[in-house]
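A.B. asks: Here it is: the structure, laid out below.
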Amino acid sequence: MLAAAAAATTTRNARAAQRLAGLGAAAKRPREGRRLAGAAARAFSSAGFPEHVRIVEVGPRDGLQNEKTIIPTDVKVEFIDRLSRTGLQTVEATSFVSPDYVPQMGDHRQVMERISRQEGVSYPVLTPNMKGFLGALESKAEEVAVFAAASEAFSKKNLNCTIEKSLDRFKPVCEEAQRQGIRVRGYVSCVLGCPYEGYIAPAKVVEVCERLIDLGCYEVSLGDTIGIGTAGSTQVLLTEVLKHVPREKVAVHFHDTYGQALANIFVALQNGISVVDSSVGGLGGCPFAKGATGNVATEDVVYMLHGLGISTGIDLEQLAEVGDYISQYLGRANHARAGRAMLTKGQFAPLVAP
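Structure representation (structure tokens):
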């Protein structure tokens, strides 16, 4: 019996070694590695994930707006143009706000005039009021964004007015945008917590979302501004929001302060959400939320999506190079783990299907 058991153990070990050897060989053969990834992705096919996810790249605006040193317009234009060549469908280009409040975005007109607009790529800009909207219109913007908060305290700190007043400001912007045939996207900040108020009730988030939809926003992005959300709190929020707002009008925008952003996005995917905001290299932060780190890195999001068999149309390796470019220019660490790994040509990179 002991001899038989030993023989069985030897056989199992040999089979395990063969499997490991096969995995290592596949890692060196991109096509076979992709088949492995495809097989793994098919295991999730019944989870209700979307087949395609549109990434809204917010690096040029949300990622750079709080940089203390003014970045030359040439660099911003090069950054946007490089992103445009990666397969991204949406690249948020700049913000038409007063330079007194956001000096980094003071060259918004020059940026919009000089970028090389690619067919099939949208370049939305942030417009907080009619003055900003008219400037965007003159710069031939085809999509604009307005932003509100689910927290009264945050709204007063960030927008210098109540939530109600901020929505009143957006009404003429949305009305004129509709007349001009320009799409409007809405942002809602602090959907999972506020640095001043703490807990934010999902019902309050729903209220603001519904108001933005009523104003004419084609889509509302739910922002975890301080990155405090978890998979559990994200599920609670989405359960409530999706009772009132059509799924196709909902996007998610997570910061990665507590390292929970990818888990939260996974939950959003399980709920059928197919639009995700992110920033190449994990750039960004919020001046009104001390301690909050940058947005979730686009490279990490795309790597996860491709590993689940969800298409994005994005060339991940090319995207990683853009993240490296802007991180090096800023002289800071690249926070995209997948981006850094891709640049080192790690042997397991081929295991993820494009």
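Residue numbers for the sequence shown follow UniProt numbering, beginning at 1 and rising by one.
Where is the CB? At the ideal position from N, CA and C, for every residue including glycine.
#1: What residue from Leu88, Gly63, Gly186 has the CA that sits closest to Lys76's CA?
#2: Compare the C-alpha of Cys52 against each of Val276, Leu316, Ala341 and name the closest.
#3: Does the stretch 233 to 240 come into contact with the stretch 174 to 190, if we say contact requires no fewer than three beta-carbon pairs (one atom in each stretch) closer than 8 Å?
#4: Measuring CB atoms only, is the stretch 327 to 336 touching the stretch 306 to 317, in the sense that at least three cross pairs come out at less than 8 Å?
#5: Please report the Cβ distance between Pro60 and Val91, rounded to the nearest whole angstrom; I am assuming they are in contact, meaning their Cβ atoms lie under 8 Å.
#6: Cutting at 8 Å between CB atoms, please list the residues of its own chain near Val205, excluding the five before and the five after it.
#7: By the 10 Å Cβ neighbour count, where 16 or more other Cβ atoms means buried, how is Cys70 classified, buried or exposed?
#8: Between which two residues does the alpha helix (DSSP H) harbouring Leu316 extend?
#9: I think Ala148 touches Leu126, with their Cβ atoms under 8 Å apart; what is that distance to the nearest whole Å?
#10: What number of angstroms, rounded off, separates the C-alpha of Gly307 from the C-alpha of Leu215?
#11: Determine which residues share a DSSP beta bridge with Cys194 and list them.
#12: For the alpha helix (DSSP H) containing Ile80, name the first residue and the last one.
#13: Taking the straight line between their C-alpha atoms, what separation do you get for Ala261 and Thr225?
#14: Just the C-alpha distance for Ala320 and Glu299, rounded to the nearest angstrom, thanks.
C.D. replies: Concretely, from the data shown:
#1: Position 76 of the sequence shown holds residue 76. Checking every option, the nearest Cα to that of Lys76 belongs to Gly63.
#2: Mapped onto the sequence shown, residue 52 falls at position 52. Here residue 52 is His; the residue named in the question, Cys, does not match the sequence. With distances taken between Cα atoms, His52 lies closest to Val276.
#3: no
#4: no
#5: Within the sequence shown, the letter at position 60 stands for residue 60. Within the sequence shown, the letter at position 91 stands for residue 91. Contact flag correct, Cβ pair sits at about 7 Å.
#6: Your numbering for residue 205 matches position 205 in the sequence shown. So the qualifying residues of the chain are Ala150, Val188, Val191, Leu222, Leu237, Glu240, Val241.
#7: Position 70 of the sequence shown, counting from 1, holds the residue named residue 70. Per the sequence shown, residue 70 should be read as Ile rather than Cys. Exposed is the call here.
#8: Position 316 of the sequence shown, counted from the first residue, corresponds to residue 316. Per DSSP, Leu316 belongs to the alpha helix (DSSP H) from 316 to 330.
#9: In the sequence shown, residue 148 corresponds to position 148, counting from 1. In the sequence shown, residue 126 corresponds to position 126, counting from 1. With a Cβ gap of about 12 Å, Ala148 and Leu126 do not count as contacting.
#10: Within the sequence shown, residue 307 is the residue found at index 307, counting from 1. Within the sequence shown, residue 215 is the residue found at index 215, counting from 1. Cα to Cα, Gly307 sits roughly 37 Å from Leu215.
#11: In the sequence shown, the residue the question calls residue 194 occupies position 194. Answer is Gly198.
#12: Reading the sequence shown from its first residue, position 80 is the one you call residue 80. Taken as a continuous stretch (DSSP letters only), the alpha helix (DSSP H) holding Ile80 covers 73 to 84.
#13: If you number the sequence shown from 1, residue 261 lands on position 261. If you number the sequence shown from 1, residue 225 lands on position 225. Distance between the alpha carbons of Ala261 and Thr225 is about 11 Å.
#14: Residue numbering aside, residue 320 sits at position 320 when the sequence shown is read from its first letter. Residue numbering aside, residue 299 sits at position 299 when the sequence shown is read from its first letter. Computed Cα separation, rounded: 6 Å.
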